[in-house]
Structure formats: structure tokens, C-alpha cells
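Numbering (this note's numbering), first residue to last: 131 to 768. Ideal placement from N, C-alpha and C gives every residue a C-beta, glycine not left out. Below: one structure, written as C-alpha cells.
Right, dumping it as C-alpha cells:
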């Protein structure tokens, strides 16, 4: 097992990259709305304030003792990881110098957050009350007794409430604090301004986002990795037990058992969370930037990837294992950075997919000589594009192929259709009489080489026929592990709105016996995702008017259009609409336009969802087994 420390891991991670760390739904909170308990607990874990027992249990229902609260305060302060020690002497007569929380108690008392009792004891095991906890947290924020007007403890609790430190907590004076209460207290603390006016989290060096601690950047700062899981099990790699571990693979919830060899691994010990990435890019090594002496980025399979580790940079350099013109497999981790590079033969797993391009490929070798070869690009069932040398063989875009390696040479074979008729059950775990493998890879394709990976849940309760399935394969247990479909979702189509139609038919008189000449032309202006375009057709007329359409492309250009069917909507949610008492799903890429004075304006669904203000018409696709989704919504003000 080799540990590879990323050289770019400390770079700021944008908020939009949260899905690469967590599974949907993404944590969110809005004004006057409490954050989810999961977000709060994950944040507190990431901060190291509460880490749970040896099995990761936070034991939130248990009451909290004074010594535990003192330790949490230290963990939530600049004294965390302090080298301050008790010096071999007892701070209180009931806190011996070797007591587990002796150091935390000493720090808390010396900092003025806590006080002992008049009899010289601290009573570490005594349950802490709301007013004691509130007073301590106010002192952590920089408030002194002089800043709080009134008598104890009502004055302290009044200040505690006014600062919003009680959000998520339902306690009264004199009641004991649970670990769950403390979890919310410390989360609120991070998002509360100190006496000096800075957010408390900022005083610890944590960034804020809209008045709350930035969860994405916080997680980025506490994860360890990347690691390549090659010759060791995931259980041996992790520094914590497998109990109560959250696992995300490629952004979706998973299990430790779902992690495979040569996956890229990151983890947080405090959060007891593992992130795994299985993306592997196989293709021809065409060039390096700025050079092969020290590559920062490389061109593989026609795309550029950033080099994220020293190990990967060395292997791709002129001193490493791979040179220009070699077929390599990139192990890609978080933020699409190259973590490691291996030979395709190491995985010993064939590639199955659809041909997206067959084209010449050339590169300059180390001597500067131009090398030209034929290459094929394949969209694999895992959704990645791979490029291979094909020699004299020729393949067409849209072909289904398999690729294996023999003696470092790629062997590409054409696969005929393997028809399969059946119906998916309601939870998409079975297709006909076949089970679906837990790690099944499903690719929706067209004969034009378009493709998209889909999840099994998209096929819930869907019947497929022989022309819907282009290829499938079974694993060692007889479950379907790969499935290539023939445009069953409709997601591969492009949708938009025609904004202007100019169709003309001109008859040119000719001298008999020569027939008259009929000249037909149509100019169609349209919007796709708000971006304008023009399609000209000279052979015949489409016979369409302004409004939503499905667009057909050929060689990257619009080749045809057809009208979408509209439904008057009676109800709208974030994911569904209702028309004629039937509920339809909304496409993830739905386009919403407001029609004003003859023009279409792209808007957000939320802005026009009030049916008291707008008439809404939804336009769905047709002719797709797993389609029937709303692709375009047109809103007009009532």
C-alpha cells in the first residue's frame, strides 16, 4: 500500500464541489430554519469537538459531565492540541494530575471559563447545567461579568438567548445539558460573533459562508489522503473501526464493501467518513504541460487532466514509467486530479462501451518525430472516455465494442447486440429474472455515439423490449453488472424553444416541357438553455411554429426539429408537476421560460411556481421507455 499526499489538497475547494464529498441531498439551512442534525453533528466531528466513543457513537442522549464539557471547550478553542500539561501536580483535590481530563480542566480554569467550588473541588463527574454551560460559552466569546447586566444566572441566560446560542436546544434554567444539547451549543458558538465582533469560527481560522461556518472548506481541511487502495484492504488502511462509518463513493452513499482495488481513498478520522473515487481514465498519452520534465497537466484520451501528486508527476515525466504515445490508466481522485498512473493491464478488466469517435491520432516522441496512428474513443459503461490505438481496424461511431490488453497492446472487438426483454421491479433491484449487481454500470446511448450514465432507480418499474437493450453482461454470481441501452431515457436529446419561423415555398416558372422549379426553405431561430441558434432547412419544411421542440443533431449540428406536447399544469413542486390529475417528473435539466411580449426569457422554476400569478404549460418528451419527463416549462403571467 502506498500513501500519496496530494500537492494541491490544501487548495480552496469551491462550494460547488460539495457533492464530490457528500451524497445528496446536500446539507442546507435557510433563515429561521434549523440546520439538519446530520450537518450539525458532521460539523462538530470535523472540528474535533466531539468524536464519540471507540465505535464512533456520539451518545447524544446521555447527560454531559463538567469534565466532558471542559474538554469540549478546549477542543473548540485555540488551546486545542496545546502542549500545556498539569506538570505532575493536582489542580483540584478531586482531579489528580493523571486524570483523563486534568489538562482540559486546568486550561478551562486558567482561561476563566470555569471555576471550582469553595471546598477546593471541581466535581468533574457532576452533570453540567444550562446556566453553567451558557456562562462558560459567553466567556469563550470574550464576555466578562462586567459586560452582563443583571443577576446570575438570569442575566447570563438572557445574553445566551439573545446571541442565538440556544438554537436547537429546549432547556430551562437548572436543567442538565445532554450531549445533543452541547452539540448544538458548539455549532451555534461557531456561527456567533465574539464581543469584538468577529465570528467565533473565524478566530480559529475557519472560513465563513453567509454567516455560517463553511462546511465544504472545513471538511477539506480535515480529510487525509489521497491513498490508492492497491495491496491492502480498506479496513487496514483506516485508523478507526468500521462501526458507524459513513462511506461515499463517487458522490453517492455506499459501504466499505463497495470500495474496490485501485479506488482513490480519502478519510476523516474525526468524522468517521470515507470518500472513495473509482474514476479511471485510460487513453493515449499525447502531451504534457509545461513539459515532460515536470508535468503539471497532461493530455490523455483527448482531454487535459491536472496532475495532483508528486508520484503521478514523476511517473508521467521523462524519468518515469510512462512516455508520450503510451496507453496509460489514470487514477483520478477528488476534483478530477490525477493521483496515480498505472498500466491498463494492471486492472485486467475489459472496457465495454460505445464508440464516440474513430480518428487519426498523432504525437511527437521524445526525439521530436511525428508518430501517426488510428485511434478509437470509447465511452465506457462507467461513463469515462477512453482512447485506444486500433491499428488498421475501422469502427463506426455508435458501435458497441470491448477492449482488452495483450502484451501492452489494445485489442478492440465489435460486439453484436445482446437483446434482453424484461421489466425492472419497483426498486430497480431486478430486471426480469436477473438481479442487478450492486455496482451495476448503466449507459444510455444512441447510434450516433451519444451517451449518458444513469442510475438503476431511473428505471424503476420500466418495461424494456429487445430494441431497447444493446448489450448486457453478468458477473460471477449471475447478476447484471453492465447494461448498455438504446436511448430509453430521452436525456440524450436536446430540448429548446423555437422563437421565430420563416418558411417559404417559391415556384419558378420554366418553359414547357421543363417542369416548374419549386424552391423550399425554412429558417428557424431557437433557444437551448437560453442560448440562441439558427437552423436552416432547404429540402422540406418542418411545419412547426414557435414553442418548445426537441432538436436532433448530426455531426454536432442541428439536423431536425419536432414539436413537444404541452400540458396545462395544476401543481408544481421542485421535482414534479401535476397535469390532468397525473404526476410527471421534472427533468434535472428542465428549461423554464417566461413568455413576455413575444419573447422567451430563461428563468428559475422558483420564480414562476406560484400558480396564482402564472399560467404554466409543461412540455414532455415522448417515445422513450424511461422518459415522459417535463423538459420545458413556459410561464405566462395571468
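1. Using the C-alpha atoms, what's the distance from residue 318 back to residue 297?
2. To the nearest angstrom, report how far apart residue 724 and residue 762 are at their CA atoms.
3. Considering Cα atoms alone, identify which of 222, 548, 749, 470 is closest to residue 251.
4. Suppose contacts are defined by Cβ-Cβ distances below 9 Å. Is residue 456 in contact with residue 396 by that definition?
5. What does a CB cutoff of less than 7 Å around residue 194 pick up in its chain, not counting 5 residues either side in sequence?
6. Should residue 303 be labelled buried (16 or more other beta-carbon atoms within 10 Å of its own) or exposed?
7. Just confirm the distance between the C-beta atoms of residue 601 and residue 614, as a whole number of angstroms; I'd bet it's less than 8 Å.
8. Between the C-alpha atoms of residue 564 and residue 545, what's the straight-line distance to the nearest angstrom?
9. For the 8 Å Cβ check, are there 3 or more pairs between the region 653 to 660 and the region 630 to 645?
10. Where does residue 581 land, buried or exposed, given buried means 16+ other C-beta within 10 angstroms?
11. Per DSSP, residue 382 is paired with what?
12. Taking Cβ positions, are residue 567 and residue 610 nearer each other than 9 Å?
13. May I have the straight-line CA-CA distance separating residue 705 from residue 749, to the nearest angstrom?
14. Which residues in the same chain as residue 666 place their Cβ atom closer than 6 Å to its Cβ, once the five residues preceding and following it in sequence are excluded?
15. What is the C-beta distance between residue 412 and residue 481, in whole angstroms, given that I count them as a contact (C-beta under 8 Å)?
16. Identify whether residue 155 lies in helix, strand or coil by the three-state DSSP scheme.
17. With residue 719 as the anchor, note down where its beta strand (DSSP E) starts and where it stops.
18. When we look at the beta-carbon of residue 590 and count the other beta-carbons within 10 Å, is it buried (16 or more) or exposed?
19. Taking residue 547 as the reference, give the member of 505, 236, 595 with the closest Cα.
20. Scan the region 471 to 501 and note each continuous beta strand (DSSP E) run of 3 residues or more that stays entirely inside, going in chain order.
21. Using 9 Å as the threshold, is the C-beta distance between residue 238 and residue 285 below it?
22. Helix, strand or coil for residue 184 per DSSP?
23. In whole angstroms, what is the alpha-carbon distance linking residue 382 and residue 369?
24. If you follow the alpha helix (DSSP H) that residue 203 is in, where does it begin and where does it stop?
25. Round the Cβ separation of residue 618 and residue 756 to the nearest angstrom and send it over; I've been treating them as touching at under 8 Å.
26. Could you tell me the distance, in whole angstroms, from the CA atom of residue 771 to the CA atom of residue 558?
27. Grab me the residues of residue 431's own chain with a C-beta within less than 8 Å of its C-beta, minus the 5 sequence neighbours each way, in chain order.
28. Which residues share a DSSP beta bridge with residue 371?
29. Whole alpha helix (DSSP H) runs in the region 398 to 472 with 4 or more residues, listed along the chain?
30. Below 8 Å, how does it come out for the region 174 to 188 and the region 341 to 352: are there three or more Cβ pairs, yes or no?
31. Should residue 314 and residue 323 be called a contact, given that it needs their Cβ atoms to be closer than 9 Å?
32. Residue 718: buried (16+ other C-beta within 10 angstroms of its C-beta) or exposed?
33. Could you check the C-alpha separation between residue 325 and residue 465 for me, to the nearest Å?
34. Pick out whichever of 585, 599, 380 has its Cα sitting closest to the Cα of residue 562.
35. Could you compute how far the alpha carbon of residue 543 sits from the alpha carbon of residue 513?
36. In whole angstroms, what separates the C-alpha of residue 385 from that of residue 378?
This is what the structure gives:
1. 7 Å
2. 11 Å
3. 222
4. no
5. 257, 258, 307, 308, 309, 312
6. exposed
7. 4 Å
8. 21 Å
9. yes
10. buried
11. 379
12. yes
13. 15 Å
14. 653
15. 7 Å
16. With a pLDDT of 31 at residue 155, under the threshold of 50, the modelled position of that residue is not reliable, and the figure given next carries that caveat. In this structure, residue 155 counts as coil in the three-state DSSP scheme.
17. 712 to 726
18. exposed
19. 595
20. 481 to 494
21. no
22. coil
23. 22 Å
24. 196 to 205
25. 5 Å
26. Lying before the first or after the last residue shown, residue 771 is absent from the chain, which here runs from 131 to 768.
27. 411, 412, 413, 414, 507, 515, 516, 517
28. Its beta-bridge partners do not exist; DSSP assigns none.
29. 440 to 445
30. yes
31. no
32. exposed
33. 38 Å
34. 599
35. 19 Å
36. 7 Å
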